[in-house]
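Count the sequence shown with this note's numbering and you get residues 2 to 279, in order.
See structure below.
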Amino acid sequence: MNLRALYKHYVSELSHIYPDSEAQTLVMWIFEAYLSMSRKDVLNNTPINAIPEALEIAFTKLMAGEPIQYVLGKAPFYGRYFKVGPGVLIPRNETEELVQLITQNHKGPIKILDLGTGSGCIAITLALECPKAELTAIDVSEQALAIAKFNASELKAKLNLVQKDILAGDLQMGNFDLMVSNPPYVLEKERSLMQNNVLDHEPGLALFVPDSDPLRFYKAIVSHAKKNLNANGYLYFEINEAFGLEVMALMHLEGFSDVQLYQDINGKDRIVYGKKTT
Numbered sequence: 002m003n004l005r006a007l008y009k010h011y012v013s014e015l016s017h018i019y020p021d022s023e024a025q026t027l028v029m030w031i032f033e034a035y036l037s038m039s040r041k042d043v044l045n046n047t048p049i050n051a052i053p054e055a056l057e058i059a060f061t062k063l064m065a066g067e068p069i070q071y072v073l074g075k076a077p078f079y080g081r082y083f084k085v086g087p088g089v090l091i092p093r094n095e096t097e098e099l100v101q102l103i104t105q106n107h108k109g110p111i112k113i114l115d116l117g118t119g120s121g122c123i124a125i126t127l128a129l130e131c132p133k134a135e136l137t138a139i140d141v142s143e144q145a146l147a148i149a150k151f152n153a154s155e156l157k158a159k160l161n162l163v164q165k166d167i168l169a170g171d172l173q174m175g176n177f178d179l180m181v182s183n184p185p186y187v188l189e190k191e192r193s194l195m196q197n198n199v200l201d202h203e204p205g206l207a208l209f210v211p212d213s214d215p216l217r218f219y220k221a222i223v224s225h226a227k228k229n230l231n232a233n234g235y236l237y238f239e240i241n242e243a244f245g246l247e248v249m250a251l252m253h254l255e256g257f258s259d260v261q262l263y264q265d266i267n268g269k270d271r272i273v274y275g276k277k278t279t
């Protein structure tokens, strides 16, 4: 089978479960990963001697709905690649905007705590983009911490990784100048709006909160911030677009000032941050 025919076959099969444009993109990703061939090679119908077994396995996983990032074992974030796998949330573009905002607003020496680090993409990126910063990251999942440790080593980022449960009492972590979190914020009732490959493969622990208590993680983290954030320190959240005003109100209620709501590149409420004044 020539390359163009293989491309058309894979796209045709994947189009049963993905839109055509997405199917084409996915096929090119696995061609680049396992054949080292680009769209130019497809257009030129570059000869291939054999179909690698790894490519066939990757295609089978895609047909089963496994996210391409898990298939390849990596995901792009802020110009770097991070190892990901089942049990760790795949980094999203919106979270890059959270990191960018922090790097714009905070330049000097600073102690930062990332709560619910997952793959470590926030903490590691901040460590690399803010060389004067001292980073600590926590997560309840041993699997997530193992992947974060691998990513930190691969990307040569210095940070402290600690296993802690955000919802379980006092963190006893010392004081920080900035705390940041992208906690679970998708409502259970929003499952029907999500793609099956997310629901079937990404960790629900990192995604969902009860409909009856959508701010459970935010309330816990604000409570931690009151104890573990230095005076005039900052707290940053990524949020569910439906709860921007509620998160702002929570922070105001707990004594934070200069609370800001920031919209992402798509015009959706996505980040809330504020300053601890006492």
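Idealized CB from N, CA, C, for every residue including glycine.
Whole-angstrom C-beta distance between residue j and residue i, which should lie under 8 Å
i    : j    : result
N152 : T96  : Not quite, the Cβ-Cβ distance comes to about 14 Å (not below 8 Å), so this is no contact.
C131 : T104 : 6 Å
F218 : P185 : 6 Å
V181 : D115 : 5 Å
R5   : V43  : 6 Å
I167 : A221 : 5 Å
M249 : L262 : 6 Å
Contact under 8 Å by Cβ, residue i with residue j
i    : j    : result
T137 : Y79  : no
G234 : M252 : no
H225 : L172 : yes
L230 : K277 : yes
L216 : F244 : yes
E14  : M64  : yes
Q144 : V89  : yes
L179 : I113 : yes
Residue i to residue j span [Cα, whole Å]
i    : j    : result
E191 : R271 : 17 Å
K62  : E98  : 30 Å
A128 : E135 : 7 Å
S258 : N94  : 28 Å
F60  : K227 : 49 Å
A158 : G175 : 21 Å
D212 : K150 : 33 Å
P223 : N161 : Per the sequence shown, residue 223 should be read as Val rather than Pro. Approximately 21 Å, taken between the alpha carbons.
M29  : N50  : 18 Å
N3   : Q25  : 17 Å
P110 : V163 : 21 Å
F16  : I58  : Just to set this straight, residue 16 is Ser in the shown sequence, not Phe. Approximately 18 Å between the Cα atoms of the pair.
V100 : Y11  : 36 Å
I52  : E155 : 30 Å
E54  : K41  : 23 Å
L246 : F209 : 19 Å
D214 : K9   : 47 Å
A169 : K133 : 31 Å
V260 : N45  : 55 Å
Residues near residue i by beta carbon distance below 8 Å, same chain, minus five either side
i    : result
R242 : In the sequence under discussion, the amino acid at residue 242 is Glu, which differs from the Arg named in the question. Within the same chain, E242 has close Cβ partners K269, D270 and R271.
T118 : A124, A138, I139, D140, A145, L146, A149 and L162
L102 : Y237, Y263, I272 and Y274
D21  : V12
L7   : I49 and I52
A232 : K277, T278 and T279
6 Å CB neighbourhood of residue i in its chain, flanking five on each side removed
i    : result
A76  : Q70, F83, V85, I91 and P92
L73  : A34
I148 : K84, V89 and S120
V141 : D166
L254 : none
G256 : T279
Residues near residue i by beta carbon distance below 7 Å, same chain, minus five either side
i    : result
L56  : I31, Y35 and L36
M38  : L4, F32 and T47
N267 : none
M27  : This sequence places Leu at residue 27; Met is not what is there. Excluding sequence neighbours, L27 sits near L15, Y19, L63 and I69.
For the stretch 106–139, which segments carrying the beta strand (DSSP E) assignment without a break, of at least 3 residues, lie completely within its bounds, in sequence order? 111–116
Please list the segments of the beta strand (DSSP E) lying wholly inside the stretch 16–63, counting only runs of 3 or more residues, in order along the chain. none
What residue ranges within the stretch 234–265 form continuous beta strand (DSSP E) runs of no fewer than 3 residues, ordered along the chain? 257–264
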